[in-house]
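Asks: Take this structure, written in structure tokens, and hold onto it; I'll ask about it next.
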Ligand code: NAP
């Protein structure tokens, strides 16, 4: 039984693929540009684009289970192709923000809600995976940390429980085999401020990192005027007011504690050196 991982070069998709391979599952990887694949040896790689049903039809041929990212530009192409395939399980990366009452109207939450509605109405056997805040967001600080030893942050006091991509992938793999509780809001084990995340990265690379606080105006100027940036600033402001919870969903699904941010920082130290 073949499982297709769409987005197998993404930080979460790659982990899903590697964990399926380690579990001895038969897998196929899809990327938009196979020339740049660089995926584990022996894994068949196909080209597929979530906006192009023709590529998806070919990629889904003979496949029974799929992991994919939320097609934020519209789910129609995937749902059309999936309707013609013989799928037993579709696991779709979504966002824990869909479960945050405080995120009603937030553009990121609403985009993910819209995708979830399309999948829920599709008749497919579909399971959303809902991480709230990715530890990987910290990679956005890497360039200035490498170049200047500085992290420029909007609301360094914003408190979240960032989740390691390995844990998100492990829950997705559990979902692919019908595990329970997998659509709960997923977080890391501990609430911590952005300031403390920077300190953890500093400890992982053996270098003190200076934090410079950005005002909301400075953050808008630096990151741009898009609705997504506005939505991120909104969620960050809410997180500084206690609006970003920690859950024990990872431990309940996996039967072991979620990976701490300090471990994420050690795993990704090379990005910050
Ligand atoms: P990532 O490393 O940037 O990878 C994104 C993947 O999506 C890539 O593998 C890319 O494929 C694939 N992709 C993008 N557009 C595609 C298309 N049209 N067709 C096929 N594949 C496409 O992302 P990540 O860090 O693993 O996960 C990011 C996602 O997590 C967000 O988009 C959001 O939905 C979700 N999320 C994020 C947060 C957060 O705190 N940031 C919180 C909750 C949920 P190629 O390799 O072909 O380019």
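Residue numbers (the numbering used here): 369 to 641.
Just so you know, even glycine gets a beta-carbon here, dropped at the ideal spot from N, CA and C.
1) Any idea what DSSP makes of residue 419, helix, strand or coil?
2) Should residue 438 be listed as close to ligand 1, given that the test is whether its C-beta is under 7 Å from any heavy atom?
3) Chain B beta carbons: is any one of them nearer than 8 Å to that of residue 456?
4) Using only the heavy atoms of ligand 1, determine whether one of them is closer than 7 Å to the beta carbon of residue 422.
5) Could you check whether the segment 456 to 471 touches the segment 436 to 444, counting it as contact only if at least three pairs of C-beta atoms, one from each stretch, sit closer than 8 Å?
6) Could you spell out the range, first to last residue, of the alpha helix (DSSP H) harbouring residue 507?
7) Can you tell which of 376, 400 and 476 has the C-alpha that lies nearest to the C-alpha of residue 416?
8) Could you say which of 446, 396, 418 and 447 lies nearest to residue 430 if we only look at CA atoms?
9) Any idea which residues DSSP pairs residue 528 with across the strands?
10) Between which two residues does the beta strand (DSSP E) holding residue 371 run?
11) For residue 644, which of 539, 598, 504 and 486 has the nearest alpha-carbon?
12) Can you give the beta carbon distance from residue 518 to residue 580, rounded, assuming they're within the 8 Å contact cut?
13) Could you have a look at residue 461 and say whether DSSP puts it in helix, strand or coil?
14) Nearest CA to the CA of residue 610: which residue from 371, 504 and 526?
15) With distances taken Cα to Cα, identify the nearest neighbour of residue 480 among 493, 500 and 564.
Replies: On the basis of the supplied data:
1) Residue 419: coil per DSSP, three-state reduction.
2) yes
3) Looking for chain B here will not work: only one protein chain is present.
4) no
5) yes
6) Premise fails: residue 507 is in no alpha helix (DSSP H) and is neither H nor E.
7) 400
8) Selected option, being the one with the closest Cα: 396.
9) DSSP, once it has assigned bridges, lists 560 as partnering residue 528.
10) For residue 371, the enclosing beta strand (DSSP E) begins and ends at 370 to 374.
11) In the structure as shown, the chain starts at 369 and stops at 641, and residue 644 therefore has no counterpart that could be examined.
12) 6 Å
13) strand
14) That would be 526, whose Cα lies nearest to the Cα of residue 610.
15) Checked all of 493, 500 and 564; the closest Cα to residue 480 is 500.
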